[in-house]
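Keeping their order, the protein sequence lines are chains A, B, C and D. Mapped onto my numbering, the consecutive letters of the first sequence carry residue numbers 509 to 842. Mapped onto my numbering, the consecutive letters of the second sequence carry residue numbers 15 to 335. Mapped onto my numbering, the consecutive letters of the third sequence carry residue numbers 119 to 443. Mapped onto my numbering, the consecutive letters of the fourth sequence carry residue numbers 3 to 488. Think of the CB as a built atom: it goes at the ideal place given N, C-alpha and C, for glycine as much as any other residue. The block underneath contains the structure these notes are about, expressed in structure tokens.
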Amino acid sequence: MIQFFRRLHPQSLRILALAIVLLLTVLFFASQIDGYFSPRMLNRIATSVAVILPIAIGQAMVVMTRNIDLSVGSVVGIAAYLIGDYLGTHPDVHPVMVVVIALALGAFCGAINGALVAYGRVPSIIVTLGTLALFRTYLVEYSGARSITTAGLPQWLVDLPQATVFSIGNFDMRLTVAMSLVAAIIFWVALSRLRVARKLYAVGSNPDAAVVAGINSSLVVFMSFVLSGMLAGLAGFMFLAKFGNITVVAGLGFELKSVAAVVVGGVNIFGGSGSILGVVLGTVLVDTIDNSLTRWAIVSEFWREALLGMLIMIAVATDTFMTRSFGRMKGKSE
Amino acid sequence: MMLARLKSWEGLLLIILIITVLANAALAPQFLTLQNQINLFQLSIEKIIVALAMTLIIINAEIDLSVASIMGLAACTFGILVESGTPAGLAIILCLMLGIVAGAFNAFWIAYVQIPSLVVTLAMLIMYRGIARVLLEDRGITGFPQWFGDLGQKAFLGPFPLGMIIFVVLLVVLGLVLHRTGFGREVFVIGTNAEVARFSGVRVARVKTILFIISGVISALAGLLYAGRLASVRGDAATGFELDIITMVLLGGVSIFGGRGTIIGVLFSILIVLNLRNGMALVNVTGHIQTAVIGILLIMSVLGPNLAERMRSTGLAKASA
Amino acid sequence: SAEAVSAKKGETANLVLLPKFLGILPFDQARRGAEEAHKELENKGALQYIGPTPENSVAGQIEMLTTATTQKQHVVMLSNNAGDQISAAAEAAQAAGTKVVTWDSPIPSAKGETVFVAQVDFTQIGVVMADMAHSMMGGSGEFVVLSATPDAANQNAWIAAMNEALKGDKYKDMKLVDTVYGDDQSEKSYNAALALVDKHPNIKVIMAPTSVGIVAAAKALQDEKLCDKIKVSGLGVPAEMVSYTMNGCAPEFALWSFVDLGYLTYYTSYLLAAGAIKGEVGEEIAAGRMGNFKIEKDPTRAAGNRILMGPFTVYNKDNVEAAAN
Amino acid sequence: MTAALSDMSLAVVPGEIHAVVGENGAGKSTLIKIMTGVYQPDSGEILNEGKAVTIRNTHGAQALGIAAMYQEPMVFPDLDVAENIFISHRNLGTFMNWGKLYQSSDELISRLGVSLDVRRAASGLTLAEQQTVEIARALSLNVKVLIMDEPTASLSAHEVERLLNIGKALKARGVAVLYISHRLDEIFRIADRVTVLRDGKHISTKPIAEVNHDGLVKDMVGRALDKFATKTKANEHGPLLLSVKNLSLDGVFRNVTFELHKGEVLCFGGLVGSRRTDVGLALFGISPSTGGSIELDGRQVVISTPQQAMDYGIAYVSEDRRKLGLAMTMPIYANASLASLKKFLRRFGFIDRAAENAMAEQYRERLSIRSPDVKIEVGKLSGGNQQKVMLAKWLETKPRLLIFDEPTRGVDVGAKAEVHNIIRELAKQGVAILVISSDLPEVMALADRVLVMREGQQMGIFDISDCSQERVIALATGQDQVASAA
Ligand SMILES: Nc1ncnc2c1ncn2[C@@H]1O[C@H](COP(=O)(O)OP(=O)(O)OP(=O)(O)O)[C@@H](O)[C@H]1O
Ligand SMILES: Nc1ncnc2c1ncn2[C@@H]1O[C@H](COP(=O)(O)OP(=O)(O)OP(=O)(O)O)[C@@H](O)[C@H]1O
Ligand SMILES: [Mg+2]
Ligand SMILES: [Mg+2]
């Protein structure tokens, strides 16, 4: 046991604690909800997580550089709406091209944020509070109050949420879930293995030292926003596919949801540390709580939000206490 | 040096404010009427009152996202109490105490367990709102005593309603506390570097606790004003106010990283936002555009000086080369 | 009874059409109706269409109503999203001479409201919802409601009316087991629909009296291939619902014309502004192409007057395609 | 605004150690920041191998083979030691090879003769360990010019020795070393030439053979200064104030026992990481002890918060002024009054700004803090002057027991003498003083008694009359045990 703690990196301690919290949460709800351990439930949570996960990953990268991106919800809305609109008039565009357009749209929005933060030297919370409103306003003005409906979308897109990569028993690995997972894995590997990606941590960890170490901090911050926007664009695409009916409020509130997932996932809100694995666990944890509460028979609709807030707090507190006591055990073992 | 910088920030805000007021007066004939000037404050009175408390919190390098939910919770609790026959006076006191409890609960996690305030108050934003929802479910409550509604709506002192008087009093009191007292100094030091404060014997946890309690009780007070002004409450009372409040504080030149900012700057920023919104509304600009304009102003107010500074320094370098 | 009051063209009436928020189709349709009437009546005044953002709807509506009062607009046409919270501002408006005509969603206490232009009779819509559920469920079994927000006054009134109707003998084998809220957001409504399915395995119908909720629920059930077991019904826009009606996910739903609602609201407001009517019970107005309407006491609220537009259309396989185009 | 640096000329030659000295705020750090591209010069040029070059940023400097260790260690707390070392390397491939990274860093670290777990996150490193990381980082780059800005400021004799050896080894390999230090003895030991700066101006550059201690000091300060003497006899002191018995903190230090009288100076000697700081922190209530007892005036006390310590009249001048000592973006007066704010409070908790200013002004004069007035942000002062502001903060609390942790870290000769005078003066006034210092000459100059620690253990405590630098080093490194075993 002692040896085990000794070998763990502090970041791994955090993830271990988080995994235990997730496990406890799942066990608790399994005792409360009939048929909780079913492929169907797994599918529900997986498809729900699939949309928010890319956003949370993007948010995590921004937070790691000591910034925050409050505009992601509006970017999701813009991407979902504009692509839906575009497909209404160009139904024959190749699916891959559609995804590329979604990423590019998101990246463009992210680049605006990134340029203002990194080169304009405006604090990110100010920039993204502003663009949160600006992007949404653009969408409202552009839409002319029209909604995107499934009727205007090509069939492949409407069928996409059901598209299954493979099935294990009754559990279908849906394409959107697979896309999200692939994105998570790419960024997980990149952030732990790719040399340039380590600069993200360096810049967040000590900006002054980053300058002295010859790291182009501005570029790193700029890129983190571009990536965050790009991933929000991807989420916008999945949002469009999954929900089909897009109004101008699409994605409203995703900013706080993604920040919640990121901080529950153990990314230091003051930058410099965090891992994609943690973000995945955090996103899954928050979404599991949310999805389970709506299915918990004894909880009335009106209690849900109060319990959600309470459970998030308990999860964060438990995770904090566990990480600290693991840290102490590790300390003693050294 | 720092003072000069802050002064120039406030100078900038003052110029923007003057331009806004002049433009409003020129474009909207009704703008300068007394009633409109009072309305302009009244319509956002709860937000601007809470913005004062938020100023202290952000200078302390913390954030309180739960303010709007505490406002809603206090308003709903008041509704439930009055409905169940509690005298309104007693209900007011109980609701203010509820604000203290909510603030103290935030403070416990932030100051003593040391979980970042963004995380704690994000969870509490959801939880306090949820409790308000539990209290009122899908109902709205009206039928408060007449005097309570009057306090929220009618002139209280001269032509001014109670909310405006509370705002001015809090502005002066919190301004003095922040800029003239030892407590205010500690708020600044903790915001600059909490470890330095701790190593200098400042009771960091205590200062933070007091701040979050102030924030909680002022939010509750604002929630009650809201209930009075609208003479009714609902589970969604004050939803989403937190971002508007934070916007006002940041536009006021308060650093989101703590340690810098002034009450005067925030006052100017509040006046700018209120006047701008009012002026745009009077010339029939719709809600989205109003929000977008405030957003642009927020970004430009920081970007503009930054760019000017950069041009000046590169200009100097060229001149000397 | 007295003659219906006709509108005199070319008067000056400054009117504001204030929806719950901007950016969704029904409100835009109401605007089209109002603009149609505006042209028709050759109003020399202005018609403003302004609205708040969805996340700031309550405060925004109050702010805009107050501003309209300051501007001395003649009438504000309000689709109220603030419940009774707006009544203080509405009373202030009335006191300053700005009339408040509500449409789509009234002020529950009617305080500060001149008259409510009701799209349908709220009691009747309750009965229709109960009937649609009845026919889809074969008269027995469990069903649920997926509403907008817990604070949406009109949805709450319709659900209350439906609950009242369900007490009738005809519906004695039907049980409403849950009411949840999708906040008029696609993603929340979609997830809420799926959660309902999991939580109540025996339900036969999801009744969604909101145009956002009903499509989201239909899409969710279709995606999960549950349409043969569970049906969706409620209030929806034909253009958005057509595919689900045709494939049987949502065999029946109802709606009225928002264009007509805007048109009628405009006529009412114009006449009020011109002083041709006072908004009192018994007055009758001639509303252009829509014919004559009478102001009556609103039987669905404790106080307040209304003009009942009606009727509404129940859409199914036979008529939805025509309406969608 | 006056220029931080003007008319500066400096030439460094391969295979030479070139020392740069000057008072605090003379412009030494500014000079090297220009050389490494952190700042841009307003005028003048830099020649590299005879060609004029513009160094736009650190990369430009690195490309020219210039690397620097800055005065304030620049580490990334969230990254581990190995990554910290190799962060600015560019040609290590696209992907991280963690195994190789750890291996190379291990090698580098052991070349420095230190033991440091390269997998550790840098957040827990002490200042000295951070400095080790910086040295390793500079070494890992194939440098032609290595600039060291006060590398020994927080090192103790043993580590200084090692560092000087590294410097000599680099010189032998043909590297030009620019060496900045306030410890003149080091300069005489390793420098080939020495440049003096004063008030941002170049004063002189001479071969080391042509200068002596007094001459150098005169160039730096502009006047002659007494060299501080080694004490041989303890001063008279007053009654017993503090008695510490078997003080322990689990896993950190144990069984520290000493007595301290009013007017007495007790110095803690030992190697970096020997946990002297932790003893200080325990006495100040930052990390309260878990065992043993503390008696003040013969009464047992429990100190579990800094406020309690301060109420007992204890003050602690931290070794890390940037992180723990000063609010860098706040003015001098606010920092100076911070620990004694209560004194300046009037009715309703209002601050008496006039009194506060007067106090700050008084310290500005007394400690000769170089700054036009007391409204200047502390972060804008040079390192040594910052140190003095921190001193002012604690002196103003009028403590009975004053704990100095590396009180002259980064302080120039003149100021150092002043600080020493202040410490002596305080002792004379009856303040009990505890000095944690890695600077052995300083220990010898100040102490009445010396306590030596090693790896969290008290190795010995003795009177200054029984003390020599050799004895302290022997105890601190454990050589005495080796000797007695042999
Ligand atoms: N960021 C800054 N802005 C303005 N002036 C500065 C800044 N940093 C330093 N200075 C000023 O420049 C001068 C030179 O400072 P520098 O840090 O180079 O001194 P130094 O010789 O390294 O002193 P020390 O021995 O204390 O480290 C000082 O007068 C200082 O106050
Ligand atoms: N930011 C900090 N907050 C609290 N404690 C700190 C901080 N930085 C350092 N310390 C404490 O100071 C100790 C450093 O003291 P160390 O163990 O190096 O002994 P030392 O003999 O004082 O060595 P040195 O000569 O480097 O000061 C750390 O172990 C740690 O407990
Ligand atoms: Mg220096
Ligand atoms: Mg130390």
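Among the residues facing chain D, Asn551(A) is not included, as its CB has no counterpart in that chain under 7 Å away.
Here Arg301(D) is exposed: its Cβ has fewer than 16 other Cβ atoms, across all protein chains shown, within 10 Å. Take the alpha-carbon of Val333(C) and the one of Leu46(B): they are about 48 Å apart. Of all alpha-carbon atoms in Lys222(B), Val64(B), Ala88(B) and Gly99(B), the one lying nearest the alpha-carbon of Gln128(B) is that of Lys222(B). In the structure shown, Gln166(C) falls within a strand segment according to DSSP collapsed to helix, strand and coil.
Here DSSP, grouped into helix, strand and coil, assigns Lys322(C) to strand. Taken atom to atom, the span from the alpha-carbon of Met141(B) to that of Ala814(A) is near 4 Å.
Looking at Ala368(C), Gly354(C) and Thr171(C), the one whose alpha-carbon comes closest to that of Ile348(C) is Ala368(C). For Lys126(C), the secondary structure class from DSSP, reduced to helix, strand or coil, is coil. Residue pairing from DSSP leaves Arg194(B) without any beta-bridge partner. About 6 Å separates the beta carbon of Glu305(C) from that of Phe751(A), a gap short enough to meet the 8 Å contact definition.
Residues of chain A whose Cβ lies closer than 7 Å to the Cβ of Leu257(B) are, in chain order, Leu637. Your pair Arg147(B) and Phe778(A) does not check out as a contact, with CB atoms roughly 32 Å apart and the cut at 8 Å. The alpha-carbon separation between Ile168(C) and Gly301(B) amounts to approximately 7 Å.
When DSSP states are grouped into helix, strand and coil, His263(D) belongs to the strand group.
Runs of the alpha helix (DSSP H) lying entirely within the stretch 157-237 of chain C, each at least 4 residues long, are 175-188 and 205-213 in chain order. At least 7 Å separates the CB of Lys53(D) from every CB of chain B. DSSP, read as helix, strand or coil, puts Glu398(D) in coil. His263(D) is classed as buried because its beta carbon has at least 16 other beta carbons within 10 Å across all chains shown.
Taken atom to atom, the span from the alpha-carbon of Ala394(C) to that of Leu136(B) is near 54 Å. Setting aside the 5 residues that flank it on each side, Leu159(C) is surrounded in the same chain by Ala125, Lys127 and Tyr388, each with a C-beta closer than 7 Å to its C-beta; the list follows chain order. Taking the CA atoms as reference points, Leu79(B) sits about 11 Å from Gly230(B). With 16 or more neighbouring CB atoms inside 10 Å of its own CB, Trp123(B) falls in the buried class. In the three-state reduction of the DSSP assignment, Asn410(C) falls in the strand class, which pools E and B. Between the alpha carbons of Thr187(C) and Gly309(B) lies a gap of roughly 27 Å. The C-beta distance from Ala252(B) to Ala89(B) rounds to 7 Å, short enough to fall under 8 Å. Contact of Arg522(A) with chain B is not assigned, every C-beta pair being separated by 7 Å or more.
Counting C-beta pairs closer than 8 Å gives three or more between the stretch 221-228 of chain C and the stretch 268-278 of chain C, which meets the contact rule. By the Cβ test, the stretch 351-370 of chain C is not in contact with the stretch 756-767 of chain A, since fewer than three Cβ pairs between them sit closer than 8 Å.
When secondary structure is reduced to three states using DSSP, Lys247(D) falls in the strand class. Within the same chain, Cβ atoms closer than 8 Å to the Cβ of Val330(C) are found at Ile142, Ala266, Gly300, Asp302, Gln303, Ser304 and Ser307, the five residues on either side in sequence being excluded. Taking 8 Å as the upper bound for CB-CB distance, Ile89(D) and Ala721(A) are in contact here, some 5 Å apart.
The beta carbons of Leu448(D) and Val380(D) sit no closer together than 7 Å. Under the three-state reduction of DSSP, Asn50(B) is assigned to helix.
Taking 7 Å as the cut-off, the beta carbon of Val219(C) is found closer than this to the beta carbon of Met195(C). Annotation note: the stretch 98-124 of chain D contains the following uninterrupted alpha helix (DSSP H) runs of length 4 or greater, listed N- to C-terminal: 100-113.
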